[in-house]
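Enquirer: Position one of the sequence shown corresponds to residue 1 (UniProt numbering), numbered consecutively onward.
From the three backbone atoms N, C-alpha and C, an ideal C-beta is built for every residue, glycine too.
Computed from a predicted model, the values in this text were never measured in an experiment.
Shown below is the structure under consideration.
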Amino acid sequence: MIDRASPNSTSAISQSSSSPPRSAARTSLETQELLRTRFLNPDGTPKRQHKVMIALNLHASQDVLPAITNAILNSMRYMGLENVFVSIYENGSWDHTSEGLAHLEQILTGLGVAHHIRTAKEETVWLGVDRITLLAEYRNLALSAMDQAEKRLGGVSELVFINDVYLCAQDILEVIWQRHFQKADASCGTDWKESESILGYGGWLWKPSTETETASSDDAPGKSVYLYDSWVARSLTGKTLRPRLDLLTHFRDAYGVIFNQEDSKLYQTRFQRALPVPVYSCWNGIIALDPTPFKYAQGLTFRAADRTAGECPSSECQLLAKDFWSLGFDRWIIVPKVAVTYAQNIYYAEALVRGSNRDHRPLSDRPQQATDDDQNWSDKIVWSSYSKPDTVVCWPDMYKFHIDFEWNHVLESPYNPKLLNASSATARAADPGSTHFAV
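Rendered as structure tokens:
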């Protein structure tokens with residue numbers, strides 16, 4: 001059924017898009033074999049190990065919607081149609097996003113996939129409102145179908161949020177699989193944009209200076225990239241993944257600037273070898289979350305900062321990580337093999353194909369004597385090898401021009417004091433078999 005629905009869906013939804021459809025996902029043979037091993041039985045049927053709620057917030061997303069639709073539908077080949085619930089909240093789009101969602105709703109209905117798609121015609125007015133409060137409300141509207149998903153699926157074991165990014169089915173499946181393989185509470189991908197160029201503004205073409213910045217594919221000739229979501233992501237040192245104030249960020253090696261601090265060498269090594277990296281927080285275009293914290297009687301929701309308590313006015317996504325940690329759900333990872341983009345023509349840029357190793361090529365320089373406990377080489381994270389941060393850098397959402405120099409960073413606690421005494425955190429810390437960091 002999906003074989004018929006997927007190309008038809010792309011065709012129908014692309015009619016609502018202003019950009020022409022591109023070629024299908026180029027999944028390597030190694031990745032195809034891994035997906036079959038991880039998610040399918042020998043007879044090709046899904047193992048049905050996961051009950052997945054996929055949530056999206058969309059706004060003026062007509063161009064990216066065909067790629068998102070294709071990725072979601074193709075991921076169902078491995079998870080099973082009856083094991084996926086799709087929840088989408090779209091608001092205020094002036095383009096053809098709502099028409100594209102109408103096509104998607106017809107397809108999901110025809111396949112028998114449970115879903116809840118809500119569109120709002122009212123355009124968002126940002127003047128005079130707290131931006132993070134409003135964004136949190138929108139995310140909570142996508143999250144509000146959790147009870148419905150629980151009933152339709154017989155329980156939800158996985159909550160996957162996807163931004164308006166270009167991705168493939170393997171990206172969705174990878175964050176889900178890695179979260180379980182690493183026994184993590186959240187697993188994020190990496191999200192990338194095309195680097196800007198000062199020369200470009202003057203009419204000159206920017207030519208990448210290093211081989212790792214170039215792109216050999218026809219989709220992205222000569223493209224260089226940079227990691228986008230540094231606002232939310234924090235390492236286990238509490239620092240941002242790349243310098244906040246770096247005027248040359250767009251011209252540096254895309255992967256070389258990540259975790260490039262003296263106290264982050266192990267994290268940098270793992271990232272450059274495309275191995276999952278433990279972090280304090282992340283979002284980065286796509287995230288798979290343990291849904292348990294949302295299911296409590298007073299379950300978590302997305303929120304803005306508590307200004308009365310002097311809390312850093314950061315992103316609703318980073319505050320979610322803070323609340324997760326405060327409840328004892330403190331194992332967060334970034335998965336370099338998931339590299340999603342905000343432009344279709346850089347998804348297959350050589351910088352990302354090579355840097356992410358999304359094709360799952362064996363590491364040619366891995367020493368034969370390397371053991372599974374060697375965190376410089378092991379796919380498996382040994383959580384006892386890492387320490388939790390004492391403080392986390394505050395990156396505020398400011399309403400006026402603001403430069404926060406590194407030597408003037410505001411640091412805050414990694415925890416929400418209102419949640420620290422919750423029974424979940426106590427239970428996790430008291431469980432001798434738990435590999436979670438103690439709070």
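(1) How far does the alpha helix (DSSP H) with Y138 in it reach, from first residue to last?
(2) Could you tell me which of L300, I117, I258 and H180 sits nearest to L56, measuring between CA atoms?
(3) Excluding the five sequence neighbours on either side, which residues of its own chain have a C-beta within less than 7 Å of the C-beta of L40, listed in chain order?
(4) Kindly indicate the opening and closing residues of the alpha helix (DSSP H) around E99.
(5) Are E158 and A288 closer than 8 Å when you measure CB to CB?
(6) Could you give the distance in angstroms between the alpha-carbon of E122 and the alpha-carbon of N376?
(7) How many Å lie between F259 and V156 at the Cα?
(8) Are the Cβ atoms of K193 and Y342 separated by less than 8 Å?
(9) Compare the beta carbon distance of W177 and V232 with 8 Å and say whether it is the shorter of the two.
(10) If you run the structure through DSSP and keep just helix, strand and coil, what is S326?
(11) For the stretch 171-189 and the stretch 83-103, state whether three or more C-beta atom pairs, one from each stretch, are separated by less than 8 Å.
(12) Can you tell me the Cα-Cα spacing of Q170 and T27, whole angstroms?
(13) Run the CB neighbour count on Q62, radius 10 Å, all protein chains shown included, and call it buried at 16 or more, exposed below.
(14) Closest Cβ-Cβ distance between T301 and chain D: below 8 Å?
(15) Taking F161 as the reference, give the member of L153, M146, G355 and W126 with the closest Cα.
(16) Would DSSP call H115 helix, strand or coil?
(17) In terms of residues, what are the limits of the beta strand (DSSP E) holding Y166?
(18) If you follow the alpha helix (DSSP H) that V353 is part of, which residue opens it and which one closes it?
(19) Would you decide whether Y280 is buried or exposed? Buried here means 16 or more other CB atoms lie within 10 Å of its CB.
(20) Quick check on the DSSP output: what are the complete beta strand (DSSP E) runs of length 3 or more inside the stretch 17-90, in order along the chain?
(21) From D397, A136 and R366, pick the residue whose C-alpha is nearest to that of Y89; which is it?
(22) Identify, in the order they occur along the chain, each residue of the same chain with its Cβ nearer than 7 Å to the Cβ of D3, setting aside the five sequence neighbours on each side.
Expert: Quick look at the numbers:
(1) Translated into positions along the sequence shown, residue 138 becomes position 138. Unbroken alpha helix (DSSP H) run through Y138: R131 to L143.
(2) Position 56 of the sequence shown, counted from the first residue, corresponds to residue 56. With distances taken between Cα atoms, L56 lies closest to I117.
(3) Residue numbering aside, residue 40 sits at position 40 when the sequence shown is read from its first letter. These residues qualify, in order along the chain: P46, K47 and Y78.
(4) Within the sequence shown, the letter at position 99 stands for residue 99. Taken as a continuous stretch (DSSP letters only), the alpha helix (DSSP H) holding E99 covers T97 to L111.
(5) For the purposes of this step, residue 158 is taken as residue 158 along the sequence shown, with counting starting at 1. For the purposes of this step, residue 288 is taken as residue 288 along the sequence shown, with counting starting at 1. It is a contact, given that the beta carbons lie within the stated cut-off.
(6) Translated into the one-based positions of the sequence shown, residue 122 becomes position 122. Translated into the one-based positions of the sequence shown, residue 376 becomes position 376. Whole-angstrom Cα-Cα distance: 50 Å.
(7) For the purposes of this step, residue 259 is taken as residue 259 along the sequence shown, with counting starting at 1. For the purposes of this step, residue 156 is taken as residue 156 along the sequence shown, with counting starting at 1. C-alpha separation (whole angstroms): 34 Å.
(8) Your numbering for residue 193 matches position 193 in the sequence shown. Your numbering for residue 342 matches position 342 in the sequence shown. Against a cut-off of 8 Å, the Cβ pair of Y342 and K193 comes out as a contact.
(9) Locating residue 177 in the sequence shown gives position 177, counting from the first residue. Locating residue 232 in the sequence shown gives position 232, counting from the first residue. No. Outside cutoff.
(10) Taking the first residue of the sequence shown as 1, we reach residue 326 at position 326. Three-state DSSP puts S326 in a helix.
(11) no
(12) Within the sequence shown, residue 170 is the residue found at index 170, counting from 1. Within the sequence shown, residue 27 is the residue found at index 27, counting from 1. Approximately 8 Å between the Cα atoms of the pair.
(13) On the sequence shown, position 62 is the one that residue 62 refers to. That one is buried.
(14) Of the protein chains in the structure, only one exists, and it is not chain D.
(15) In the sequence shown, the residue the question calls residue 161 occupies position 161. Of L153, M146, G355 and W126, the residue nearest in Cα terms is M146.
(16) The count along the sequence shown starts at 1 and reaches residue 115 at position 115. It is a strand residue.
(17) Counting from one through the sequence shown, the residue named residue 166 turns up at place 166. Segment: none, Y166 is in no beta strand (DSSP E) and carries neither H nor E.
(18) The sequence position of residue 353 within the sequence shown is 353, counting from 1. Taken as a continuous stretch (DSSP letters only), the alpha helix (DSSP H) holding V353 covers E350 to S356.
(19) The residue you call residue 280 lines up with position 280 of the sequence shown. Buried.
(20) 52-58
(21) On the sequence shown, position 89 is the one that residue 89 refers to. Ranking D397, A136 and R366 by Cα distance to Y89 puts A136 first.
(22) Locating residue 3 in the sequence shown gives position 3, where the first residue counts as 1. Here the set comprises nothing.
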